[in-house]
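Chemist:
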Amino acid sequence: MSLINKAETDLANARLDRKGLMTRVSEMTLLWKVMSLVIFASAWEIAGRSGFNFSFPAFTETVAAFFEMVVDGSMGSAYLKTMEALVVGLIISLVVGISSGVAMGLRRDVEWITLPVFIVMQAAPMAALIPLVTFVYGIGLTSKVIAVVMLAMPVIAINSYKAVRNVSPSMVSMCHSFMGSRRQQIIQIILPASSSMMFAGLRLGIAEGFSGAVLAELLITPTGIGDLITYHRSVANFAHMYATIASIVIFAIVTVGSLQWVENILFRPETRSS
Amino acid sequence: MTTATVTKYEGNLDAIQPKNPIIEVDGISKIYNGDVHALDNIKLNFETGHLTSLLGPSGCGKTTLLKIIAGLLKPTAGEIRVKGKAVSGPGRERAFVFQDFALMPWASVIDNVAFGLKMHGMNKAERNEKARHYINEVGLTGFEDKYPHELSGGMRQRVGLGRALAVDADVLLMDEPFSAVDEQTRRKFQEDLIRLREIEKKTFIFVTHSIEEAVYVSDRIIMLSPRPGRISQIIDPDIPKDVSPDDLRRNEAYLNTVEEIWHVIKKYVE
Numbered sequence: 276m277s278l279i280n281k282a283e284t285d286l287a288n289a290r291l292d293r294k295g296l297m298t299r300v301s302e303m304t305l306l307w308k309v310m311s312l313v314i315f316a317s318a319w320e321i322a323g324r325s326g327f328n329f330s331f332p333a334f335t336e337t338v339a340a341f342f343e344m345v346v347d348g349s350m351g352s353a354y355l356k357t358m359e360a361l362v363v364g365l366i367i368s369l370v371v372g373i374s375s376g377v378a379m380g381l382r383r384d385v386e387w388i389t390l391p392v393f394i395v396m397q398a399a400p401m402a403a404l405i406p407l408v409t410f411v412y413g414i415g416l417t418s419k420v421i422a423v424v425m426l427a428m429p430v431i432a433i434n435s436y437k438a439v440r441n442v443s444p445s446m447v448s449m450c451h452s453f454m455g456s457r458r459q460q461i462i463q464i465i466l467p468a469s470s471s472m473m474f475a476g477l478r479l480g481i482a483e484g485f486s487g488a489v490l491a492e493l494l495i496t497p498t499g500i501g502d503l504i505t506y507h508r509s510v511a512n513f514a515h516m517y518a519t520i521a522s523i524v525i526f527a528i529v530t531v532g533s534l535q536w537v538e539n540i541l542f543r544p545e546t547r548s549s
Numbered sequence: 007m008t009t010a011t012v013t014k015y016e017g018n019l020d021a022i023q024p025k026n027p028i029i030e031v032d033g034i035s036k037i038y039n040g041d042v043h044a045l046d047n048i049k050l051n052f053e054t055g056h057l058t059s060l061l062g063p064s065g066c067g068k069t070t071l072l073k074i075i076a077g078l079l080k081p082t083a084g085e086i087r088v089k090g091k092a093v094s095g096p097g098r099e100r101a102f103v104f105q106d107f108a109l110m111p112w113a114s115v116i117d118n119v120a121f122g123l124k125m126h127g128m129n130k131a132e133r134n135e136k137a138r139h140y141i142n143e144v145g146l147t148g149f150e151d152k153y154p155h156e157l158s159g160g161m162r163q164r165v166g167l168g169r170a171l172a173v174d175a176d177v178l179l180m181d182e183p184f185s186a187v188d189e190q191t192r193r194k195f196q197e198d199l200i201r202l203r204e205i206e207k208k209t210f211i212f213v214t215h216s217i218e219e220a221v222y223v224s225d226r227i228i229m230l231s232p233r234p235g236r237i238s239q240i241i242d243p244d245i246p247k248d249v250s251p252d253d254l255r256r257n258e259a260y261l262n263t264v265e266e267i268w269h270v271i272k273k274y275v276e
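These protein sequence lines map, in sequence, to chains C and Z. Those letters in the first sequence? Residues 276 to 549, by the working numbering. Those letters in the second sequence? Residues 7 to 276, by the working numbering.
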């Protein structure tokens, strides 16, 4: 038809150059992250040594306690216990949450029946329901898994539902206009178009799952990380208690952070909308 | 200078229906939500190989009519026939160009252009070869592996156009294809469209709200009036082929036609 005019080409090239700037920004952020960690650790150390509270250990004591627990194996076995409930709960949440979310997005009748359940689950204060779960399922693994599912599943399901609903109708019409069947519309357009938002919901769900697992161990079953925290508190091993709390917080941050990183690689922000 | 002639038809429109129609719109009505009459008993035929514009003020149902012809919307009453056969959904003989481009942001230019062929079940090697041909035809050679976000608005619509051309449909249905691109690109596009029509020998049905655009590119303009959408006038702007695009924009008959159409439309724009 015609040659592209030079301005259009230049504009397109200029858009490609933007990545360089983004890399520089992300490197700068890393430096700030390290800096803020150093400042945080120093402040902790000073506060701990000042002795303002007998139960507040210094940073170095806490780190020492952490390695002590790693060496004696109590940390490892606690994580194994907590992970068991977390992983089982998350697998259930992912499978049921994503499939029901997608089904709600695609079908009005499913939405009508299922969405209120998830909205109630998301709005209800889950800690208040935990005694009820204990009452029905006892203090075993089942209760812990249910606690994880109750916190993780609603956010995964509702995000998947919204992601499907947000797909541009004209893109779906486009597929239809080229004679794409309903199945092709779902597989070729709706699922890829909603995957980035679904993945974001998955990340939030996993973060919630951590809360669920630890909450269950503190309130229902004294096992795993929750037990380690409760035990060291009861025997006044405050450095160990802090080390356990800090380790699960950092573990959750690293897990959710790496999911964010994976998300950015899989779904580069600029490719999410045209 | 050759002057353009204009023929206007009002009242009994049956007399000027095309002799060799590719698409027949027979008594199409569309009612939204039970009480919004978007279209009321539209009877209209589209001549094979012509470029026909649907022009009218906003709310006159021109996009609704185009989507019904495309099979993307179901009419409340009436029938669409393509090459004499009644149709109830999209078909291979029709391809749609979307106002908002409707490109897949996660797919490269070549995958976007080849998408229609993929839906038709063509294998990858074959459809990529075909897609490359049409990428070249719409002037995007060298951009095959770029993503939509790396292209300007005008280039994105070229991808949309390439995708519609690639499936080799007889009829191209274009829904305000140039409304989301800037004025300079728009003019270039209009000139390209006229040239493309001569090369591809396809039938174009073109929805626009721009009077100048309609007069410039069309063999025939169907003017619709709003609430409910009805045909108010049919205009054949007989623009001489040997006038250059720049001269045409100063051509008296062209300017008069634009002016006349504006007077018709003006009464609905309040």
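Yeah, the Cβ is synthetic: ideal placement off N, Cα and C, and Gly gets one too.
Is the Cβ-Cβ distance between Val177 (chain Z) and Lys208 (chain Z) less than 8 angstroms?
Modeler: Working through the second sequence from its first residue, we reach residue 177 (chain Z) at position 171. Working through the second sequence from its first residue, we reach residue 208 (chain Z) at position 202. Yes; because the gap between Cβ atoms is below 8 angstroms, this pair is in contact.
Chemist: Exposed or buried, which one is Leu278 (chain C) when buried takes at least 16 other CB atoms within 10 Å?
Modeler: Here residue 278 (chain C) refers to the residue found at position 3 when the first sequence is read from its first residue. Unreliable positioning characterises Leu278 (chain C) in this predicted model, as indicated by a pLDDT of 41, which lies under 50. The coordinate reading is nonetheless provided below. Exposed is the call here.
Chemist: Thinking C-beta only, is Gly33 (chain Z) closer than 8 angstroms to Gly90 (chain Z)?
Modeler: Position 84 of the second sequence holds residue 90 (chain Z). Position 27 of the second sequence holds residue 33 (chain Z). Cβ distance not < 8 angstroms, so Gly90 (chain Z) and Gly33 (chain Z) don't count as in contact.
Chemist: Give the DSSP-derived three-state secondary structure of Tyr274 (chain Z) in the structure shown.
Modeler: In the second sequence, the residue the question calls residue 274 (chain Z) occupies position 268. Here Tyr274 (chain Z) sits in coil by DSSP.
Chemist: Give the range of the beta strand (DSSP E) segment to which Val476 (chain C) is assigned.
Modeler: Taking the first residue of the first sequence as position 1, residue 476 (chain C) is located at position 201. Before going on, a small fix: residue 476 (chain C) reads as Gly here, not Val. Premise fails: Gly476 (chain C) lies in the alpha helix (DSSP H), Leu466 to Leu494, not in any beta strand (DSSP E).
Chemist: Using a Cβ-Cβ cut-off of less than 8 angstroms, give me the residues of the region 435 to 461 of chain C that come near chain Z, in sequence order.
Modeler: Residues Ser443, Ser445, Met446, Ser448, Met449, Cys450, His451, Ser452, Phe453, Met454, Gly455 and Gln459.
Chemist: Who are the Cβ neighbours of Ser64 (chain Z) in its own chain at under 7 angstroms, not counting the five residues just before and after it?
Modeler: Residue numbering aside, residue 64 (chain Z) sits at position 58 when the second sequence is read from its first letter. His215, listed in sequence order.
Chemist: Taking Lys25 (chain Z) as the reference, which of Z:Lys36, Z:Thr54 and Z:His43 has the closest Cα?
Modeler: Your numbering for residue 25 (chain Z) matches position 19 in the second sequence. Answer by Cα proximity: Z:Thr54.
Chemist: Check this for me: beta carbons of Leu477 (chain C) and Ile405 (chain C), under 8 angstroms apart or not?
Modeler: Here residue 477 (chain C) refers to the residue found at position 202 when the first sequence is read from its first residue. Here residue 405 (chain C) refers to the residue found at position 130 when the first sequence is read from its first residue. Not closer than 8 angstroms, so no.
Chemist: CA-CA distance, Gly168 (chain Z) and Phe107 (chain Z)?
Modeler: Translated into positions along the second sequence, residue 168 (chain Z) becomes position 162. Translated into positions along the second sequence, residue 107 (chain Z) becomes position 101. Near 11 angstroms, if we compare the C-alpha coordinates of Phe107 (chain Z) and Gly168 (chain Z).
Chemist: Name the chain C residues whose beta carbon is nearer than 8 angstroms to that of Phe104 (chain Z)?
Modeler: By 1-based counting over the second sequence, the position of residue 104 (chain Z) is 98. Those are Ser445, Ser448 and Met449, listed as they occur along chain C.
Chemist: Within 8 angstroms of any Cβ in chain Z, is that where the Cβ of Pro551 (chain C) sits?
Modeler: Residue 551 (chain C) cannot be examined here, being either before or after the span of chain C that is shown, 276 to 549.
Chemist: I think Phe542 (chain C) touches Ser471 (chain C), with their Cβ atoms under 8 angstroms apart; what is that distance to the nearest whole Å?
Modeler: For the purposes of this step, residue 542 (chain C) is taken as residue 267 along the first sequence, with counting starting at 1. For the purposes of this step, residue 471 (chain C) is taken as residue 196 along the first sequence, with counting starting at 1. Confirmed, about 4 angstroms.
Chemist: Determine which residues of the region 376 to 402 of chain C have a Cβ less than 8 angstroms from any Cβ of chain Z, and write them out in chain order.
Modeler: Listed by position, the residues of the region 376 to 402 of chain C near chain Z (Cβ gap below 8 angstroms) amount to none.
Chemist: Starting from Thr209 (chain Z), follow its DSSP beta bridges and name the residues at the other end.
Modeler: Counting from 1 along the second sequence, the entry for residue 209 (chain Z) is found at position 203. Bridge partners of Thr209 (chain Z): Z:Val177.
Chemist: Output needed for Tyr260 (chain Z): all residues of its chain with C-beta closer than 8 angstroms, excluding positions within five of it in sequence on either side, in chain order.
Modeler: By 1-based counting over the second sequence, the position of residue 260 (chain Z) is 254. Excluding sequence neighbours, Tyr260 (chain Z) sits near Ala10, Val221, Tyr222, Pro243, Ile245 and Leu254.
Chemist: Pair every Cβ in the region 99 to 115 of chain Z with every Cβ in the region 436 to 449 of chain C, then say whether three or more of these pairs are closer than 8 angstroms.
Modeler: Yes, since at least three Cβ pairs between the region 99 to 115 of chain Z and the region 436 to 449 of chain C fall closer than 8 angstroms, the two stretches touch.
Chemist: In three-state DSSP terms, what is Val439 (chain C)?
Modeler: Within the first sequence, numbered from 1, the residue matching residue 439 (chain C) stands at position 164. The answer is helix: DSSP assigns Val439 (chain C) an H, G or I state.
Chemist: If we ignore side chains and look at the alpha-carbon of each, how far apart do Tyr506 (chain C) and Ile433 (chain C) end up?
Modeler: For the purposes of this step, residue 506 (chain C) is identified with residue 231 of the first sequence, where counting begins at 1. For the purposes of this step, residue 433 (chain C) is identified with residue 158 of the first sequence, where counting begins at 1. So the two alpha carbons sit approximately 37 angstroms from each other.
Chemist: Taking 8 angstroms as the threshold (C-beta atoms), are Val423 (chain C) and Ala360 (chain C) in contact?
Modeler: For the purposes of this step, residue 360 (chain C) is taken as residue 85 along the first sequence, with counting starting at 1. For the purposes of this step, residue 423 (chain C) is taken as residue 148 along the first sequence, with counting starting at 1. Yes. Within cutoff.
Chemist: Going straight from the alpha carbon of Met276 (chain C) to that of Gln163 (chain Z), what length do you get?
Modeler: Sequence index remark: in the first sequence, residue 276 (chain C) carries index 1 (1-based). Sequence index remark: in the second sequence, residue 163 (chain Z) carries index 157 (1-based). Low per-residue confidence applies at Met276 (chain C): pLDDT is 41, beneath 50, and the placement is therefore not dependable enough to give any value.
Chemist: Mind pulling the chain Z residues with CB within less than 8 angstroms of Pro429 (chain C)?
Modeler: Within the first sequence, the letter at position 154 stands for residue 429 (chain C). Correct list: empty, because the minimum Cβ distance to chain Z is about 27 angstroms.
Chemist: Suppose the cutoff is 8 angstroms on Cβ atoms and the five residues either side in sequence are ignored; what does the same chain contact list for Met7 (chain Z) look like?
Modeler: Start at 1 with the first residue of the second sequence, and residue 7 (chain Z) comes out as number 1. Only weak support is given to the placement of Met7 (chain Z): the predicted model assigns it a pLDDT of 35, under 50, and the value that follows is read from those uncertain coordinates. Counting only Cβ-Cβ distances below 8 angstroms, and skipping sequence neighbours, we find Val249, Asp253 and Asn257.
Chemist: Does DSSP classify Val510 (chain C) as helix, strand or coil?
Modeler: Position 235 of the first sequence, counted from the first residue, corresponds to residue 510 (chain C). Residue state, collapsed to three classes: coil.
Chemist: Roughly how far, in whole angstroms, is the beta-carbon of Arg203 (chain Z) from the beta-carbon of Leu45 (chain Z), given that I think they are within contact range, below 8 angstroms?
Modeler: Numbered from 1 along the second sequence, position 197 holds the residue referred to as residue 203 (chain Z). Numbered from 1 along the second sequence, position 39 holds the residue referred to as residue 45 (chain Z). With a Cβ gap of about 27 angstroms, Arg203 (chain Z) and Leu45 (chain Z) do not count as contacting.
Chemist: Are the CB atoms of Gly159 (chain Z) and Asp198 (chain Z) within a distance shorter than 8 angstroms?
Modeler: Counting from one through the second sequence, the residue named residue 198 (chain Z) turns up at place 192. Counting from one through the second sequence, the residue named residue 159 (chain Z) turns up at place 153. Their beta carbons are not under 8 angstroms apart, which means Asp198 (chain Z) does not touch Gly159 (chain Z) by this criterion.
Chemist: Taking C-beta pairs closer than 8 angstroms, name the residues in chain Z that Pro467 (chain C) reaches, listed in chain order.
Modeler: Here residue 467 (chain C) is taken as the residue at index 192 of the first sequence, counted from 1. What Pro467 (chain C) touches in chain Z: Met110 and Trp112.
Chemist: Considering only the alpha carbon of each residue, which of Z:Pro251, Z:Glu218, Z:Glu265 and Z:Lys273 lies closest to Leu60 (chain Z)?
Modeler: Translated into the one-based positions of the second sequence, residue 60 (chain Z) becomes position 54. Minimum Cα distance to Leu60 (chain Z) is reached at Z:Glu218.
Chemist: Please decide whether Ile279 (chain C) counts as near chain Z, where near means a Cβ-Cβ distance under 8 angstroms.
Modeler: The residue labelled residue 279 (chain C) in the question sits at position 4 within the first sequence. Only weak support exists for where Ile279 (chain C) lies, its pLDDT of 43 falling under 50; the value from the coordinates is given anyway. Yes, contact with chain Z.
Chemist: Name the residue from C:Ala427, C:Ala340, C:Phe341 and C:Val313 whose alpha carbon lies nearest to the alpha carbon of Ser368 (chain C).
Modeler: Within the first sequence, numbered from 1, the residue matching residue 368 (chain C) stands at position 93. That would be C:Ala427, whose Cα lies nearest to the Cα of Ser368 (chain C).
Chemist: So, do the region 514 to 521 of chain C and the region 332 to 345 of chain C have three or more beta carbon pairs nearer to each other than 8 angstroms?
Modeler: Flag = yes, the region 514 to 521 of chain C and the region 332 to 345 of chain C touch.
Chemist: Listed in chain order, which residues of the region 162 to 183 of chain Z have Cβ atoms closer than 7 angstroms to some Cβ of chain C?
Modeler: Those residues of the region 162 to 183 of chain Z that come within reach of chain C (Cβ to Cβ, closer than 7 angstroms) are Arg162 and Val173.
Chemist: Please report the Cβ distance between Leu123 (chain Z) and Arg133 (chain Z), rounded to the nearest whole angstrom; I am assuming they are in contact, meaning their Cβ atoms lie under 8 angstroms.
Modeler: By 1-based counting over the second sequence, the position of residue 123 (chain Z) is 117. By 1-based counting over the second sequence, the position of residue 133 (chain Z) is 127. 4 angstroms between Cβ atoms; contact.
Chemist: I'd like to know whether the C-beta of Phe212 (chain Z) is nearer than 8 angstroms to at least one C-beta of chain C.
Modeler: Position 206 of the second sequence, counted from the start, is the residue given in the question as residue 212 (chain Z). Output row for Phe212 (chain Z): interface = no.
Chemist: Between the alpha carbons of Met425 (chain C) and Gly415 (chain C), how many angstroms are there, rounded?
Modeler: Position 150 of the first sequence, counted from the start, is the residue given in the question as residue 425 (chain C). Position 140 of the first sequence, counted from the start, is the residue given in the question as residue 415 (chain C). For Met425 (chain C) and Gly415 (chain C), the distance between alpha carbons rounds to 16 angstroms.
Chemist: For a cutoff of 8 angstroms on Cβ pairs, would you count Met128 (chain Z) as touching chain C?
Modeler: Here residue 128 (chain Z) is taken as the residue at index 122 of the second sequence, counted from 1. So no, Met128 (chain Z) is outside the interface.
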